[in-house]
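Q: In the working numbering, the protein residues as written are 27 to 231. Glycine included, C-beta positions come from ideal geometry on N, C-alpha and C. Right, I'll just put the structure down here and ask away after.
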């Protein structure tokens, strides 16, 4: 039986340790959702070997012999890099946390385009180096809202007046204009994560 082939654009959200000459990558495609892929690693260094990094946007050709459970990379090229994320520990931490949320909670076909738009804007913001803690909070809120959960109707009203005002500021103002202290953003992030864990099917890694 011939294997399936797939052409896709995607975000690199997870890297797994190389084994048996393959590098494992978890990709998110706006058209196909999560793709578990294996990229062959050359035994000798080669200038022609393309090694995608975390948070890269890529376009590739993939082949599967097990009904799409695993895809082997036939061709791949990098279309956008976000190398600045790796220069900041905080940006790397929060970008990895958002990627883990997407990997563990990838929904159905109707969710793919909103998630792709979220990833595109969030990775650009993480790359810009402005308040990664706020970028993550805004992104997690948007992810839950786009999945249909009533965060605006339930989570926000349950906050006390001071935190409700701070949350409105954090969620509605541009990241670069934020004046809320990191401790406030951290408290609201934990509150939102606790709400999602208790009231939704979203898994917070």
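For residue 142 and residue 121, I'd like the C-alpha separation in whole angstroms.
A: Residue numbering aside, residue 142 sits at position 116 when the chain shown is read from its first letter. Residue numbering aside, residue 121 sits at position 95 when the chain shown is read from its first letter. Whole-angstrom Cα-Cα distance: 14 Å.
Q: If you count every other CB in all the chains shown that lies within 10 Å of the CB of residue 125, and 16 or more means buried, which is it?
A: Indexing the chain shown from 1 puts residue 125 at position 99. By the neighbour-count criterion, in which 16 or more other beta carbons inside 10 Å mark a residue as buried, residue 125 falls on the buried side.
Q: Residue 228 to residue 168, Cα distance in whole Å?
A: Translated into the one-based positions of the chain shown, residue 228 becomes position 202. Translated into the one-based positions of the chain shown, residue 168 becomes position 142. Cα to Cα, residue 228 sits roughly 13 Å from residue 168.
Q: Quick one, which of 222, 104, 116 and 151 has its alpha-carbon nearest residue 171's?
A: For the purposes of this step, residue 171 is identified with residue 145 of the chain shown, where counting begins at 1. Considering only alpha carbons, the answer is 222.
Q: Just to confirm, is the Cβ distance from residue 63 to residue 83 under 9 Å?
A: Counted from its first residue, the chain shown places residue 63 at position 37. Counted from its first residue, the chain shown places residue 83 at position 57. Not in contact: residue 63 and residue 83 (Cβ atoms no closer than 9 Å).
Q: Ends of the beta strand (DSSP E) at residue 26?
A: The chain is shown only over 27 to 231; residue 26 falls outside these bounds and no answer can be derived.
Q: Is it true that the CB of residue 39 sits closer than 9 Å to the CB of residue 161?
A: For the purposes of this step, residue 161 is identified with residue 135 of the chain shown, where counting begins at 1. For the purposes of this step, residue 39 is identified with residue 13 of the chain shown, where counting begins at 1. Taking 9 Å as the Cβ cut-off, residue 161 and residue 39 do not qualify as a contacting pair.
Q: So, is residue 193 buried or exposed, given that buried needs 16 or more other C-beta atoms within 10 angstroms?
A: As a working mapping, residue 193 is identified with position 167 in the chain shown. Residue 193 should be labelled buried.
Q: Report the CB separation of residue 147 from residue 185 in whole angstroms; it is logged as a contact under 8 Å.
A: Along the chain shown, read from residue 1 onward, the residue named residue 147 stands at position 121. Along the chain shown, read from residue 1 onward, the residue named residue 185 stands at position 159. Not really, about 25 Å apart at Cβ, beyond 8 Å.
Q: With a cut-off of 8 Å on the beta carbons, I'd call residue 196 and residue 211 a contact; round off their distance for me.
A: The residue given as residue 196 occupies position 170 in the chain shown. The residue given as residue 211 occupies position 185 in the chain shown. About 6 Å; that satisfies the 8 Å criterion.
Q: Please classify residue 45: is it buried, with 16 or more other beta-carbons within 10 angstroms of its beta-carbon, or exposed?
A: Translated into positions along the chain shown, residue 45 becomes position 19. So residue 45 ends up on the exposed side.
Q: When the Cα atoms are used, what is the spatial distance from residue 123 to residue 231?
A: By one-based count along the chain shown, residue 123 stands at place 97. By one-based count along the chain shown, residue 231 stands at place 205. Their backbone Cα atoms lie some 7 Å apart in a straight line.
Q: Residue 29 to residue 67, Cα distance in whole Å?
A: Numbered from its first residue, the chain shown carries residue 29 at position 3. Numbered from its first residue, the chain shown carries residue 67 at position 41. Cα-Cα distance, rounded: 21 Å.
Q: Could you give the first and the last residue of the continuous beta strand (DSSP E) run that contains residue 152?
A: The residue labelled residue 152 in the question sits at position 126 within the chain shown. From DSSP, residue 152 is part of no beta strand (DSSP E) but of the alpha helix (DSSP H) over 135–154.
Q: Which term fits residue 131, buried or exposed, when burial requires 16 or more other beta carbons within 10 angstroms of its beta carbon?
A: In the chain shown, the residue the question calls residue 131 occupies position 105. Its Cβ being crowded by 16 or more others within 10 Å, residue 131 is buried.
Q: How long is the line joining the alpha carbons of residue 27 and residue 93, rounded to whole angstroms?
A: Your numbering for residue 27 matches position 1 in the chain shown. Your numbering for residue 93 matches position 67 in the chain shown. Caution is warranted here: a pLDDT of 44 is assigned to residue 27, below 50, making its placement in the model unreliable, and no coordinate value can be reported.
Q: Can you give me the C-alpha to C-alpha distance between residue 54 and residue 101, rounded to a whole angstrom?
A: Counted from its first residue, the chain shown places residue 54 at position 28. Counted from its first residue, the chain shown places residue 101 at position 75. Roughly 16 Å separates the two Cα atoms.
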